[in-house]
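**Q** Encoded as structure tokens, here's the structure I'll be asking about.
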Amino acid sequence: MTDSNTSALTFDNNFLDSLLAHIAIINANGTIVEHNEAWKNFNANSASIKRPEIGVNYFEVLQQAIEKGDDYALKFLLGLKNVLNQNKKAFTLAYPLKTETNSFWFNLTIRPCSDDNSQFIMIHEDITASMKAKYEKQENEDRFEVKFEESLDGIFITDSEGTILEANQTASKILGWSKDELLKSSLDTVLNTEDPKFQAAVEQQEKSGTYSLELEFTTKQGNTIPAKTTSRSYRNPDGKLRSIISFHDLSQWKEVESDLIRNKNFTESALNSIPGVFLVLDREGNIVRWNDHMTTELGYSPEELSHKSALSFITDDQKDAVRQKMEECFNNGELAIETKVHAKEGGIKDFFLFAKRFVQDGEPYLVGAGIDITERKKAERENRKNQLMLEQLFDNSPVGITIVDNDDKIHKVNNSFTTIFGYSEEEATGKNINELLAPKSKKHEAKAISLATKKGESLQTETIRMNKNGKEVPVLIGSVPVTFEDEIIAIYGIYVDVSTQHNYREKIKDTLREKEALLSELHHRVKNNLALIASLVELQLFDAEDDKLEGELENIKNRIMTIASIHEVLYQNGNFTTIPFTNFLEELATSRMVQN
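Structure, rendered in structure tokens:
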């Protein structure tokens, strides 16, 4: 390499190229001014920390790697800055590097290579093999340590005499001895070493280096437990013979097996207790498992269900929809659908099916449940029919009906409401009922009716409301609260147009007034005429000299007065169809005629 700086070290290019390490020379700005063949030939295009050409600033290379999340690139950059800024004489870093095809470890060294610190050498030494060996060794040691201490089996390491040199926690737990107690013992403490089976196993191990059989171990309490025992011989770094003996407590295994049987029975009982059918389908949609409800609710025998396609039980008009949902469930993981199912006796039942996908031994399955909703669907149809009837009754009622909420906002009106007031449903919906219909003089009354109804009262009153054109309409109003779970959720407003009745009433009032005027005039005329006749009779009585004539005239006068009294009573009573005889007698009793 040649450089214009006389203080820079001179490197033989052939020497640099002969080195296996990746070497580059950079100036004080971090720009590459030279590199060797190993640097050039390393395919690092896909790596985060690249090997760029001459003239590239290495800080930019490291910055790009940092932006990609490479923490080692950040350490590299900081170390490079410290050396270039002369804060450190040298910097070393072991860092990993991945390409598309390989993974490497490099040991980086950066130090000045010129007397005036104008140039610096970067050496990337490939230490992949040593790092791999280091990590493999550490991994093996860690793996053995983990296996030894975390193993579910008890493990002893013994010498050729059977002395226990090491024991794991599981061995201590199984046998009841502490680890320190075991390390002071030999195999004959925990095993019957005189057992012919054990002696035969030892002879086999001397020949083949291993044995495996069932032996009985003795616990600290003196109990014996059966254990699956395996032993393997090896030599330690000092060449001494050692044995690794592992044993698995079969009594615990039997308990586990018993638990599994109990759990299986529990699972079966739980599945059969599910309030509905339960089934498992394979990828082809065939039934591979089911609960008792499949047979009791649909009537099929286990033989009729086993490995039959679930679609064969679905009605023809529903098969395509169910098939599509099953395929979606296998792809997306969930299914929920209402469908119709053939029962064995020929009936058709409504079912709500829901399922989820799971994978067992690499194969996808659907686990599903179904609830018989036949009665619910019947109830829904009946409710729908009733709802339609109520809607038709509402819409076609001969009286105007509106539904308002607790804020007096209209939610719905019927046809008669539109006929009475002229507002369509679109125009009325969302409006305040009182602001829409009540004239100014009736606003207070309308609000009082709404308030009372919100408190639970049902009201009825005759009043005035105003239609769309501003014309007053006499109506009979009914206000009824609608409650749900002891809470008023809406109010029915019922309006009966009484315009015709109102007009008839006014006509009747006019007729009555005319009648009263006529009767008053008639009463006045009759009363005057009777008084005139009575006066004439009085004059005759005054001139009468004959006692008989005087008596006759007196009778005539009394009759006239009686007629006048009856007429007065009838007029005062106001009812000419009946005579109030009691009133009449009282009148006669107090009359001047009777007194006389």
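Per my numbering, the very first residue in the sequence shown carries number 926; after that it's consecutive. Glycine residues also receive a C-beta, built at the ideal position from the N, C-alpha and C atoms.
Looking at the strands, I want to know which residues DSSP matches up with W1030.
**A** In the DSSP output, where bridge partners are listed per residue, W1030 has P1021.
**Q** Going by C-alpha to C-alpha distance, which of E1091, D1084 and H1049 sits closest to K975?
**A** H1049
**Q** Pick out whichever of E1397, K1379 and G1381 has its Cα sitting closest to the Cα of E1387.
**A** When only C-alpha atoms are compared, the closest one is E1397.
**Q** Between Y997, N982, G955 and E962, which has its C-alpha nearest A972's C-alpha?
**A** Residue Y997 is the option with its Cα nearest to A972.
**Q** According to DSSP, is E1431 helix, strand or coil?
**A** helix
**Q** Tell me the residue span of the beta strand (DSSP E) that contains F1081.
**A** G1079 to D1084
**Q** In chain order, what residues of the same chain have a beta carbon less than 7 Å from the beta carbon of V1115, not counting five sequence neighbours either side?
**A** L1100, F1142 and T1143
**Q** Between L1384 and the ligand SAH, is the CB less than 7 Å from at least one heavy atom?
**A** The model depicted lacks the ligand SAH and carries no ligand whatsoever.
**Q** Just to confirm my understanding: we take K1145, look at its own chain, exclude 5 residues before and 5 after, and list those with CB closer than 8 Å. What are they?
**A** Taken in chain order, the residues that qualify are L1100, G1101, W1102 and E1106.
**Q** Output needed for N1521: all residues of its chain with C-beta closer than 7 Å, excluding positions within five of it in sequence on either side, in chain order.
**A** Residue placement at N1521 cannot be trusted, given a pLDDT of 44 that sits under 50; the coordinates are not used to answer.
**Q** If you drop the 5 nearest sequence neighbours on each side, which residues of the same chain put their C-beta closer than 6 Å to that of I1296?
**A** G1201 and F1277
**Q** Alpha carbon to alpha carbon, how far is S1234 from R1301?
**A** 27 Å
**Q** Please report the distance separating the alpha-carbon of S1183 from that of I1212.
**A** 28 Å
**Q** What span of residues does the alpha helix (DSSP H) with D1411 cover, start to end?
**A** Unbroken run through D1411: none, as it is neither H nor E.
**Q** Straight-line CA distance for I1416 to E1382?
**A** For I1416 and E1382, the distance between alpha carbons rounds to 11 Å.
**Q** Please work out which residues of its chain come closer than 6 Å, Cβ to Cβ, to V981, disregarding the five sequence neighbours upstream and downstream, and give them in chain order.
**A** I957
**Q** Let me confirm a value: S1171 is counted as buried when at least 16 other C-beta atoms fall within 10 Å, else exposed. Which label applies?
**A** buried
**Q** Which residues does DSSP pair with V1398 in a beta bridge?
**A** R1390
**Q** Can you have a look at N938 and say buried or exposed, based on whether 16 or more other CB atoms are within 10 angstroms of its CB?
**A** exposed
**Q** Assign A1353 to buried or exposed, taking buried as 16 or more other Cβ atoms, counted over all protein chains shown, within 10 Å of its Cβ.
**A** buried
**Q** Please report how far the alpha carbon of K1062 lies from the alpha carbon of S1055, in whole angstroms.
**A** 10 Å
**Q** Suppose the cutoff is 7 Å on Cβ atoms and the five residues either side in sequence are ignored; what does the same chain contact list for N1340 look like?
**A** Excluding sequence neighbours, N1340 sits near D1320 and N1321.
**Q** Report yes or no: do three or more beta-carbon pairs, one from the region 1347 to 1362 and one from the region 1327 to 1337, lie closer than 8 Å?
**A** yes
**Q** Between the alpha carbons of F1073 and L941, how many angstroms are there, rounded?
**A** If you take the alpha carbons of F1073 and L941, they lie about 49 Å apart.
**Q** Might you give, ordered along the chain, the residues of its own chain that have their beta carbon closer than 7 Å to the beta carbon of S1176, omitting 5 neighbours on each side?
**A** I1150 and P1151
**Q** Output needed for F967: all residues of its chain with C-beta closer than 8 Å, excluding positions within five of it in sequence on either side, in chain order.
**A** H947 and R976
**Q** Identify, in the order they occur along the chain, each residue of the same chain with its Cβ nearer than 6 Å to the Cβ of A1280, setting aside the five sequence neighbours on each side.
**A** C1254, L1260, L1291 and G1293
**Q** From this set, T1299, I1433 and E1288, which residue's C-alpha is nearest A1268's C-alpha?
**A** Considering only alpha carbons, the answer is T1299.
**Q** With distances taken between CB atoms, is the gap from I1130 to S1158 smaller than 8 Å?
**A** Note on residue identity: the sequence assigns Gln, not Ile, to residue 1130. Result yes, Cβ atoms of Q1130 and S1158 sit closer than 8 Å.
**Q** In whole angstroms, give me the CA-to-CA distance for A1092 and F1081.
**A** 5 Å
**Q** Within 10 angstroms of the Cβ of L1478, are there 16 or more other Cβ atoms? Answer buried if so, exposed if not.
**A** buried
**Q** What are the residues that DSSP puts in a beta bridge with E1307?
**A** E1307 pairs with nothing; no bridge assigned.
**Q** Which residues share a DSSP beta bridge with T1149?
**A** As computed with DSSP, T1149 is found in a beta bridge with T1143.
**Q** Within its chain, find whatever has a CB closer than 8 Å to the CB of E1180; leave out the 5 residues flanking it on each side and keep chain order.
**A** Excluding residues within five positions, none has a Cβ falling inside 8 Å.
**Q** If distances are taken between C-alpha atoms only, which option among I1345, L1318, M1314 and E1307 comes closest to G1325?
**A** Out of I1345, L1318, M1314 and E1307, I1345 has the C-alpha closest to the C-alpha of G1325.
**Q** Can you tell which of K1380, I1358 and E1229 has its C-alpha closest to the C-alpha of N1392?
**A** I1358
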